[in-house]
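Structure first, commentary second.
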Amino acid sequence: MCGIAAYLGWQQAAAILADALRRLEYRGYDSAGVATLNNGELHCCRAVGTISALQKKLIGKPLPGTMGIGHTRWATHGSVTELNTHPHFSMDGKFAIVHNGVVENFASIREFLSLQGYNFYSETDTEALVNLIAYHYAKEPENATKDRFLESVRKSLLHVRGAYGIAVICCERPMEMIGARNSSQLILGIGKDELFLSSDVASFTTHTRDVVFLNDNELVHIKNDSFAITTLNMEEVAAVRQQVDWDTVAVELNGYPHFMLKEIFEQPHALENAIRGRIENDTATAHLGGLQMTAHELRGINRIIFCACGTAWCACLVAEYFIEKIARIPVEVEYASEFRYRNAPLDQKTLLIVISQSGETVDTLAAMREAQRRGIRVLAITNCVGSAIAREANGGIYQHSGPEIGVASTKAFTSQLCIAALLALQLGRLRDLSEADGMEIIGALKQLPAQVKSILDQSSHIQAIAERYQSCTDMIFLGRQSMFPIALEGALKLKEISYIHAEGYPAAEMKHGPIALIAPQCPVLCLACNEENIFEKTLSNIQEVRARGARTIIIAREGSPIGVTDDVIWIPPAHDVTIPILATIPVQLFAYHMGILRGCSVDKPRHLAKSVTVE
Ligand code: AGP
Numbered sequence: 092m093c094g095i096a097a098y099l100g101w102q103q104a105a106a107i108l109a110d111a112l113r114r115l116e117y118r119g120y121d122s123a124g125v126a127t128l129n130n131g132e133l134h135c136c137r138a139v140g141t142i143s144a145l146q147k148k149l150i151g152k153p154l155p156g157t158m159g160i161g162h163t164r165w166a167t168h169g170s171v172t173e174l175n176t177h178p179h180f181s182m183d184g185k186f187a188i189v190h191n192g193v194v195e196n197f198a199s200i201r202e203f204l205s206l207q208g209y210n211f212y213s214e215t216d217t218e219a220l221v222n223l224i225a226y227h228y229a230k231e232p233e234n235a236t237k238d239r240f241l242e243s244v245r246k247s248l249l250h251v252r253g254a255y256g257i258a259v260i261c262c263e264r265p266m267e268m269i270g271a272r273n274s275s276q277l278i279l280g281i282g283k284d285e286l287f288l289s290s291d292v293a294s295f296t297t298h299t300r301d302v303v304f305l306n307d308n309e310l311v312h313i314k315n316d317s318f319a320i321t322t323l324n325m326e327e328v329a330a331v332r333q334q335v336d337w338d339t340v341a342v343e344l345n346g347y348p349h350f351m352l353k354e355i356f357e358q359p360h361a362l363e364n365a366i367r368g369r370i371e372n373d374t375a376t377a378h379l380g381g382l383q384m385t386a387h388e389l390r391g392i393n394r395i396i397f398c399a400c401g402t403a404w405c406a407c408l409v410a411e412y413f414i415e416k417i418a419r420i421p422v423e424v425e426y427a428s429e430f431r432y433r434n435a436p437l438d439q440k441t442l443l444i445v446i447s448q449s450g451e452t453v454d455t456l457a458a459m460r461e462a463q464r465r466g467i468r469v470l471a472i473t474n475c476v477g478s479a480i481a482r483e484a485n486g487g488i489y490q491h492s493g494p495e496i497g498v499a500s501t502k503a504f505t506s507q508l509c510i511a512a513l514l515a516l517q518l519g520r521l522r523d524l525s526e527a528d529g530m531e532i533i534g535a536l537k538q539l540p541a542q543v544k545s546i547l548d549q550s551s552h553i554q555a556i557a558e559r560y561q562s563c564t565d566m567i568f569l570g571r572q573s574m575f576p577i578a579l580e581g582a583l584k585l586k587e588i589s590y591i592h593a594e595g596y597p598a599a600e601m602k603h604g605p606i607a608l609i610a611p612q613c614p615v616l617c618l619a620c621n622e623e624n625i626f627e628k629t630l631s632n633i634q635e636v637r638a639r640g641a642r643t644i645i646i647a648r649e650g651s652p653i654g655v656t657d658d659v660i661w662i663p664p665a666h667d668v669t670i671p672i673l674a675t676i677p678v679q680l681f682a683y684h685m686g687i688l689r690g691c692s693v694d695k696p697r698h699l700a701k702s703v704t705v706e
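Quick note: the sequence shown, position 527, residue 618 per the numbering used here, numbers continuous.
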């Protein structure tokens with residue numbers, strides 16, 4: 092996923108854009124660039140590496156002009172070189188473009204343009220698009236009825252197959268800019284005598300919170316301080332203006348060394364936000380207003396399929412345990428990338444629930460659209476208001492986690508688990524869950540923020556443990572029942588933050604092969620947080636790996652008789668519905684400290700992006 096930003100107003104554009112790109116850096120950080128227009132001349136500065144490399148270049152070469160476009164890249168087409176860095180320019184030098192997405196038919200467009208005499212300096216799909224715009228502009232007659240600039244962009248996009256969020260400027264059109272979107276988020280920010288375009292509101296909330304979320308196949312034509320929105324079919328669109336409630340503080344570090352640590356420590360507050368206003372004490376249930384389903388419709392569901400990717404997929408696995416145990420509804424969990432092509436048998440009593448922090452993950456969006464195409468109702472659990480998934484789902488639940496800037500999902504994950512627990516409670520109380528059991532769950536959820544805080548207080552203890560394991564090359568995470576998805580999530584966190592090879596398994600599975608991996612340089616972290624007999628069985632698995640030379644870290648409820656281990660992290664005893672959330676905190680902190688000890692870029696891990704918006 093890349094980040095685009097654009098500015099048109101009265102301030103120097105380059106400085107505005109560099110700051111915007113810094114706030115978008117979590118989306119991609121292979122390279123970055125800015126282009127401005129001043130007195131009919133396009134100026135450009137691009138740099139491979141992080142935004143700070145671009146900012147250093149801009150200090151030495153400030154770009155003039157009060158309008159411009161910027162881009163931070165996560166490479167899809169073309170290697171990470173300055174030539175492939177956006178903005179890209181048309182061969183005739185008239186147009187500059189920034190693009191988030193993939194032009195799937197770029198090869199045929201390049202071939203067509205080559206036959207018209209165009210040649211290319213980069214390997215990117217985006218350069219094909221900007222030259223297609225130049226081609227149409229050259230052929231478009233100047234006439235009073237249709238705007239030549241808008242028409243050339245519109246006609247070009249009609250040829251494009253794929254996803255795009257773009258901003259385009261033309262040296263012959265001062266104080267004008269065109270933005271357009273299809274599947275890649277694009278938001279218009281409306282300031283005082285200045286306008287912004289971006290992939291994420293976080294990039295301009297220091298300037299304005301008055302926004303318009305563009306929809307697929309819409310173009311916005313900015314002229315001076317006004318704008319008009321139309322569709323690819325030239326229909327006028329009434330702008331729906333909204334106020335963003337995210338404050339800029341949320342996208343600042345606020346004294347933390349990294350966004351990942353800040354967001355780990357924000358979890359008590361994020362969980363309070365996820366719960367706020369959603370518990371009904373007098374009927375011992377939850378009330379999730381956005382479901383858009385009546386009690387009768389919810390009772391009529393006899394199968395739930397969860398779909399997601401990555402960490403959100405791990406959240407689905409925990410949700411499966413909650414809903415099957417509390418509401419007794421059969422649940423299946425699917426990788427979105429698999430479900431979208433599997434043509435699973437579905438019927439009208441099936442409910443699809445997608446989980447996505449960004450609300451823009453392309454496979455999750457596609458899985459949702461496939462189910463809807465077959466007449467299946469889809470609910471979304473997401474963190475991003477106005478995201479494609481939020482807008483296209485039939486109903487849903489916002490996480491209210493606040494912006495999650497670190498590439499590794501932390502507070503969003505535990506909020507997703509909390510919302511899954513609330514959903515299980517609401518569904519359960521519509522079926523056979525007793526009032527007393529419902530009140531127990533409510534009591535457990537209310538204690539959650541304080542319990543999470545008590546585990547966060549162990550951060551230095553967990554850091555000391557990480558110091559003893561920082562040089563390991565492999566690691567295994569084990570858990571049973573609802574601890575198994577947390578083992579998977581802990582392994583994923585360690586992989587993506589410290590680049591250590593890590594795998595999660597159901598503890599009992601070790602004997603079926605993976606135990607062959609056990610050796611002193613392959614430690615085992617075991618989540619032994621279950622009750623009674625499951626706990627004892629997990630202890631047996633721990634002793635099996637210890638007997639074969641593994642060092643062990645155990646996460647367990649305070650006071651559990653865990654026997655011999657190298658290291659232990661205690662968590663407060665809690666209800667089955669909140670234990671998975673509590674057990675997550677230590678594995679997040681462990682991954683963070685391991686990444687720091689190994690000198691990794693914990694907020695911007697190599698090869699990763701915050702949201703995967705391309706296949
Ligand atoms: C999580 O740490 C990863 N960054 C990644 O697996 C992420 O969870 C996945 O890409 C799904 O993203 P989404 O929740 O925005 O859909």
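In this text, a Cβ means the ideal position worked out from N, Cα and C, and glycines have one as well.
If you draw a straight line from the Cα of N308 to the Cα of V543, it is about 44 Å long. The DSSP-derived three-state label of E594 is strand. Taken in chain order, the complete beta strand (DSSP E) segments of 3 or more residues contained in the stretch 437-490 are 441-447, 468-473, 486-489. DSSP places L524 outside both helix and strand once states are collapsed to three, so it counts as coil. For G581, no beta strand (DSSP E) segment is defined; the enclosing uninterrupted segment is the alpha helix (DSSP H) at 574-589. Between the alpha carbons of C262 and S199 lies a distance of about 27 Å. Taking 6 Å as the cut-off, the C-beta of C509 does not count as close to any heavy atom of the ligand AGP. DSSP places I662 in the uninterrupted beta strand (DSSP E) bounded by 658-662. If you compare the alpha carbons of K628, K314, T236 with that of M601, the shortest gap goes to K628.
For R559, the enclosing alpha helix (DSSP H) starts and ends at 550-560. With respect to the C-alpha of T656, the residue from A674, V668, S631 having the closest C-alpha is S631. Around the beta carbon of W101, a 10 Å sphere encloses fewer than 16 other beta carbons of the protein chains shown; the residue is thus reported as exposed.
L699 and F211 have their alpha carbons spaced roughly 28 Å apart.
In the DSSP annotation of this structure, L699 is not part of any alpha helix (DSSP H), being labelled neither H nor E.
Residue environment for K440: exposed (fewer than 16 other C-beta atoms within 10 angstroms of its C-beta). Looking at A105, W165, E116, the one whose alpha-carbon comes closest to that of K152 is A105. At the C-beta level, L585 and A503 stay beyond 7 Å of one another. With distances taken between CA atoms, C617 lies nearest to A578 out of L99, A578, L518, I467.
In this structure the stretch 460-477 touches the stretch 486-502; the number of beta carbon pairs closer than 8 Å is three or more.
With respect to the C-alpha of Q383, the residue from Y432, Y228, V469, E649 having the closest C-alpha is V469.
In this structure L174 is in contact with S213, their Cβ atoms being roughly 5 Å apart against a cut-off of 8 Å. At least one heavy atom of the ligand AGP sits closer than 6 Å to the Cβ of Q448. Residue G156 holds the alpha-carbon nearest to the alpha-carbon of N130 among H298, G156, V703, G466. Within the chosen limit of 6 Å, the ligand AGP does not reach the beta carbon of T505 with any heavy atom.
Here DSSP, grouped into helix, strand and coil, assigns Y120 to coil.
Considering only K148, S122, L249, the residue with the shortest C-alpha distance to V189 is S122. Using a cutoff of 6 Å, the CB of G401 counts as near the ligand AGP, since one of the ligand's heavy atoms is closer than that. The C-alpha of I107 lies about 7 Å from the C-alpha of Y98. Residue state for T643 is assigned as strand, using DSSP reduced to three classes. Taking the CA atoms as reference points, S506 sits about 29 Å from N273. Here T455 is not near C407, since their CB atoms are 7 Å or more apart. Classified as buried, R137 has 16 or more neighbouring CB atoms from the shown chains inside 10 Å of its CB. The alpha-carbon of T501 is positioned some 28 Å away from that of L288.
In the pairwise beta carbon analysis, the stretch 427-446 is classified as not touching the stretch 245-263: fewer than three pairs are separated by under 8 Å. Under the DSSP assignment, M268 falls in the beta strand (DSSP E) whose first and last residues are 267-273.
Judged by beta-carbon spacing, M351 lies within the 7 Å limit of G497, meaning their Cβ atoms are closer than that value.
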